[in-house]
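J.:
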Amino acid sequence: MISFLIFLGVFLFMECVTWLTHKYVMHGFMWYFHADHHQPKYENTFERNDIFFVIFATPSIILFYFGVQGGFNYLFFIACGITLYGVCYFLIHDVLIHQRFKWFKNTKNKYLIGLRKAHKIHHKHLNKEKGECFGMLFVPFKYYKM
Numbered sequence: 005m006i007s008f009l010i011f012l013g014v015f016l017f018m019e020c021v022t023w024l025t026h027k028y029v030m031h032g033f034m035w036y037f038h039a040d041h042h043q044p045k046y047e048n049t050f051e052r053n054d055i056f057f058v059i060f061a062t063p064s065i066i067l068f069y070f071g072v073q074g075g076f077n078y079l080f081f082i083a084c085g086i087t088l089y090g091v092c093y094f095l096i097h098d099v100l101i102h103q104r105f106k107w108f109k110n111t112k113n114k115y116l117i118g119l120r121k122a123h124k125i126h127h128k129h130l131n132k133e134k135g136e137c138f139g140m141l142f143v144p145f146k147y148y149k150m
């Protein structure tokens, strides 16, 4: 039971990490890597912004490694929470919102439509200033009602 609570707590906590990282790192000192993501059209399959997948995956990989040493300890379940959040982020951000893969093109789900709307508001700003809606899975309720 404690393993599940660790896993769930880390998964939920990752939304806070994402919000803070997006606002203060991606729209801050690492804007160089994130800037191409805010351009209307992508010239390449990959963006400089994709480096953040590697950055976020690294702690998870390390935690998996140490979490299986001598049995499955709490580090393994922390890694599971981070990894599941990463999978959800990929499905929401890259597949649903930006349609890098055409899997969920015609959803009628209000939650998913709300996520899409909030992210479009975020992308209306083409530079790093005046951003809004930095979260990914939990966005203000007003976007579900629009």
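For the sequence shown, our numbering gives the first residue as 5, with consecutive numbering after it. For each residue, glycine too, the CB sits at the ideal point set by N, CA and C.
(1) Tell me whether the beta-carbon of Asn77 lies closer than 8 Å to the beta-carbon of Gly71.
(2) Could you give the distance in angstroms between the alpha-carbon of Thr87 and the alpha-carbon of Lys132?
(3) Check this for me: beta carbons of Leu141 and Leu116, under 8 Å apart or not?
(4) Among Lys128, Arg104, Gly118 and Lys121, which has the Cα closest to the Cα of Phe51?
(5) Smallest Cα separation from Ile55: which of Tyr28, Phe33 and Phe37?
(6) Is Thr62 helix, strand or coil when you go by DSSP?
T.: Based on what the coordinates show:
(1) Yes; because the gap between Cβ atoms is below 8 Å, this pair is in contact.
(2) Each residue's alpha carbon lies about 27 Å from the other.
(3) When the beta-carbon positions are compared, Leu141 and Leu116 stay at least 8 Å from each other.
(4) Note on identity: in this sequence residue 51 is Glu, with Phe being the wrong assignment. For Glu51, the closest C-alpha among the options Lys128, Arg104, Gly118 and Lys121 is that of Arg104.
(5) Of Tyr28, Phe33 and Phe37, the residue nearest in Cα terms is Phe37.
(6) Residue state for Thr62 is assigned as helix, using DSSP reduced to three classes.
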